[in-house]
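Numbering (full-length UniProt numbering), first residue to last: 1 to 626.
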Amino acid sequence: MPRAIGIDLGTTNSLVAHVDERNRPCILPVDEGKPLLASAVFYPPEGSVEVGGAAKRRAPERPVDTILSVKRFMGRGPGDIRPEDRGIYQFDEAGAMVRLRVGGGKRTVTPIEVSAEILRVLRRAAGEALGGAPGGCVITVPAYFDDAQRQATKDAGRLAGLDVLRLLNEPTAAAVAYGLDKRSQGVFAVYDLGGGTFDVSILRLEEGVFEVLSTVGDTHLGGDDFDRLVARALLEGGLTPPNADPSPAVLRGAVAAAQKIREALTDREAVEAEVELPEGHRLRARLTRAELEALIQPVVERTTVPCRAALRDAGVEKVDGVVLVGGATRTPLVRRHVKALFGQEPLTDLDPDTVVALGAAVQADALDRGGREDVLLLDVIPLSLGVEMMGGVVEKIILRNSTIPASATQQFTTYADGQTGMVIHVVQGERELARDCRSLARFTLKGIPPMPAGIARVEITYSVDADGILQVSAREITTGIEQRIQVKPTYGLTEEEVEHMLVESIEHAEEDVSERFLREWRVEGDRILSSLETAFAMDGELLRPDERAAVEERMRGLRTAMEGTDYLAVKAWIESVDAASKAFAERRMDKHVAKAMAGHRVDEFGDAPPATGAKGEDQDHGPEDG
1 MPRAIGIDLG TTNSLVAHVD ERNRPCILPV DEGKPLLASA VFYPPEGSVE VGGAAKRRAP
61 ERPVDTILSV KRFMGRGPGD IRPEDRGIYQ FDEAGAMVRL RVGGGKRTVT PIEVSAEILR
121 VLRRAAGEAL GGAPGGCVIT VPAYFDDAQR QATKDAGRLA GLDVLRLLNE PTAAAVAYGL
181 DKRSQGVFAV YDLGGGTFDV SILRLEEGVF EVLSTVGDTH LGGDDFDRLV ARALLEGGLT
241 PPNADPSPAV LRGAVAAAQK IREALTDREA VEAEVELPEG HRLRARLTRA ELEALIQPVV
301 ERTTVPCRAA LRDAGVEKVD GVVLVGGATR TPLVRRHVKA LFGQEPLTDL DPDTVVALGA
361 AVQADALDRG GREDVLLLDV IPLSLGVEMM GGVVEKIILR NSTIPASATQ QFTTYADGQT
421 GMVIHVVQGE RELARDCRSL ARFTLKGIPP MPAGIARVEI TYSVDADGIL QVSAREITTG
481 IEQRIQVKPT YGLTEEEVEH MLVESIEHAE EDVSERFLRE WRVEGDRILS SLETAFAMDG
541 ELLRPDERAA VEERMRGLRT AMEGTDYLAV KAWIESVDAA SKAFAERRMD KHVAKAMAGH
601 RVDEFGDAPP ATGAKGEDQD HGPEDG
């Protein structure tokens with residue numbers, strides 16, 4: 001019977017694991033008998049694509065055609081490409097997705113295609129080790145991957161011929177591996193410092209339930225940053241012949257040498273090496289552990305703020321243990337820093353390079369054959385999901401750090417008389433205004449029956465599945481007309497953008513709230529002015545000239561206030577207009593009641609039934625006119 005597998009599709013290395021007959025998760029050999037497959041793909045001008053260690057060894061001589069750390073490009077657009085990547089790779093700027101020109105410029109590939117090459121090797125290796133094609137797989141992703149990045153990962157899996165059962169957040173996978181091995185209970189931090197990304201998550205483990213309380217991260221922070229700093233230091237004094245502006249090939253060679261030196265310093269106090277580099281260069285290097293730590297100290301310190309933010313978001317002051325994930329956590333300085341941050345020695349029972357793949361295998365086994373029915377995983381949404389309202393303000397539907405899968409429904413109503421459509425603008429972020437959040441999708445619900453403003457009822461539902469993929473539906477209640485989409489933005493949020501959005505939401509909280517109130521009161525002012533103008537046209541004869549002049553004077557004052565920035569002034573003028581027009585409203589009511597009762601006796605009307613259905617006066621007005 002085909003067995004499911006767990007895959008850690010990493011920035012630097014990738015792994016595959018399965019649960020054996022004794023119910024134990026095991027790493028499978030992949031690249032030349034080794035468990036780690038370098039996440040490297042080489043595209044030659046002619047011949048077959050190379051993946052893994054063989055491809056990585058091509059990087060110094062063929063940097064443009066050797067794609068490393070492709071995970072950073074998943075679900076991204078040309079505008080997200082970093083300057084240092086433009087210095088190495090050639091990009092095709094056409095289209096919304098990143099495309100790399102490889103094979104001597106003869107072809108272009110997307111990050112999805114590159115990732116699929118890595119996944120194909122993992123699938124074949126698993127098939128050889130297990131004696132048959134795997135039955136399905138769980139692929140891990142960073143906690144901060146958004147809809148586009150997750151969808152790109154699933155697409156890569158399908159392109160590689162894999163049945164993707166689920167995407168699993170990397171810190172959750174690590175918790176699964178440790179929780180099952182140790183049967184731990186309590187609150188744990190998962191400190192994940194890999195090759196190119198950093199995440200810290202706070203999880204509660206209790207009676208087989210793994211609940212992610214919070215997750216925070218930083219982008220482009222990890223072993224790659226360490227290696228670039230070390231390479232720069234080595235090139236300044238050890239490159240012969242000297243070159244102030246080394247080529248991409250020389251830089252790649254120096255970074256590869258720096259990585260080996262850094263890893264060697266995990267167990268040694270000093271390392272000396274002489275390395276042959278491309279273009280006739282030679283690198284003579286001597287580095288001590290103390291010198292290494294001085295170089296990388298600023299990068300390690302950058303993990304402090306996310307850790308404290310994660311604790312604050314989770315509502316806890318201390319944890320019962322810290323799980324380390326990612327090869328960069330082997331660095332002694334990192335482990336000391338983690339101990340100082342959390343006040344205890346981190347757990348090191350499992351290999352930080354393999355722990356995520358082991359957890360993925362456990363979850364794959366549970367999904368495939370119910371082998372671990374006592375395991376329940378509760379991941380969270382990293383940023384709030386909302387809809388744009390009239391005036392550009394955001395109504396949050398699903399809040400940040402909500403457990404997934406998640407679903408929430410709210411009712412909205414129309415803004416204008418006779419409105420027959422409603423634009424649903426889906427946004428992601430913590431700010432009060434849609435312009436300051438990330439736009440995910442936009443669609444229109446058509447066919448709303450023409451009614452007076454505020455009468456129609458539209459039900460909007462947001463649903464996030466176990467993979468973090470968002471679906472949005474909008475349904476007009478009286479007719480049942482419905483429109484739904486699966487949100488697939490062309491490219492997504494980076495961890496840096498997520499962190500930036502969270503910081504901005506805090507820094508601008510006060511001004512955001514003031515701006516929101518201003519826009520909401522402006523919308524209410526527009527509604528009142530429009531209603532009064534309609535009432536004047538229909539029943540203007542009910543007002544004496546002096547009464548109408550008084551109301552119109554207040555209306556002019558309201559219009560002037562709405563052009564300003566003081567929402568309290570707008571609110572005050574709305575109350576003034578309401579007071580001035582109260583008698584007019586009462587006369588209109590009397591007129592229409594009298595008209596309705598003409599020719600009838602009072603006892604014909606009987607008792608009215610109680611109201612049912614949608615919200616009353618506090619009903620939200622619709623997102624936008626259609």
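For every residue, glycine included, the Cβ atom is placed at its ideal position computed from N, Cα and C.
Inter-residue spacing [alpha-carbon to alpha-carbon] between Arg559 and Gly429: 32 Å
Residue environment, Met555, which counts as buried when at least 16 other CB atoms sit within 10 Å: buried
Buried or exposed by the 16-neighbour rule on C-beta atoms within 10 Å, applied to Thr494: In this prediction, Thr494 has a pLDDT of 49, which is less than 50 and means its spatial position is unreliable; what the coordinates show is noted afterwards. By the neighbour-count rule (16 or more Cβ atoms within 10 Å), Thr494 is buried.
Assigned secondary structure, Gln419 (DSSP; H/G/I helix, E/B strand, else coil): coil
Neighbour-count burial assignment, Gln149, 16 or more Cβ in a 10 Å radius: buried
Meets three-Cβ-pair contact criterion under 8 Å: the region 311-322 and the region 339-358: yes
Bridge partners - Ile7, DSSP secondary structure assignment: Val16, Ile139
Residue nearest to residue 690 in terms of C-alpha spacing, selected from Arg99, Leu292, Val212: There is simply no residue 690 to check, as the chain begins at 1 and stops at 626 in what is shown.
Burial state of Ala54, where buried means 16 or more other Cβ atoms lie within 10 Å: exposed
Outcome for Ile477 when other beta-carbon atoms lying within 10 angstroms are tallied against a minimum of 16: exposed
Range covered by the alpha helix (DSSP H) that runs through Cys437: Neither: Cys437 is in no alpha helix (DSSP H) and is coded neither H nor E.
Limits of the unbroken alpha helix (DSSP H) element including Thr130: According to the sequence provided, residue 130 is Leu. The question's Thr does not apply to it. Start and end: 111-130.
Cα-Cα separation between Val523 and Asp417, rounded to whole angstroms: 14 Å
Rounded C-alpha distance that separates Leu277 from Asp227: 16 Å
C-beta atoms of Ser39 and Ser14 nearer than 7 Å: yes
Proximity below 7 Å, CB of Leu367 to CB of Leu165: yes
Any alpha helix (DSSP H) of 4 or more consecutive residues that is wholly inside the region 510-563: 545-562
Ser214 and Pro171 closer than 7 Å at C-beta: no
Pair within 7 Å by beta-carbon distance, Thr420 and Ile448: yes
Span of the beta strand (DSSP E) around Ala40: 40-42
Assumed close pair Val272, Arg286 - CB separation to whole angstroms, cut-off 8 Å: The sequence shown places Glu at residue 272, not Val. Confirmed, about 5 Å.
Same chain, Cβ closer than 7 Å to Phe342, neighbours up to 5 away in sequence not counted: Ala189, Val319, Val322
Per-residue burial, Arg302 [other beta carbons within 10 Å of its own, 16 or more giving buried]: exposed
Reduced DSSP secondary structure (H/G/I, E/B, other) of Lys339: helix
Candidates Met390, His337, Glu432: closest to Ser514 by CA position: Glu432
C-alpha gap between Asn169 and Phe198, whole angstroms: 13 Å
C-alpha distance - Leu383 paired with Ala328, whole-angstrom precision: 27 Å
Three-pair Cβ contact test at 8 Å for the region 127-140 versus the region 58-72: no
Where Glu46 falls: helix, strand or coil (DSSP): coil
Chain-order list of residues whose beta-carbon lies under 8 Å from that of Val551 (same chain, five-residue window excluded): Leu532, Leu543, Val577, Ala580, Ser581, Phe584
Straight-line gap, Lys34 to Val102 (C-alpha atoms, nearest Å): 27 Å
Supposed contact pair Asp146 and residue 706 - C-beta distance, whole angstroms, cut 8 Å: For residue 706 there is no data in the structure shown, the boundaries of the chain being 1 and 626.
Three-pair Cβ contact test at 8 Å for the region 116-136 versus the region 402-417: no
Burial state of Asp590, where buried means 16 or more other Cβ atoms lie within 10 Å: exposed
Leu235 - DSSP class collapsed to helix/strand/coil: helix
Reference Ala474; option with closest CA among Ile424, Asp80, Val255: Ile424
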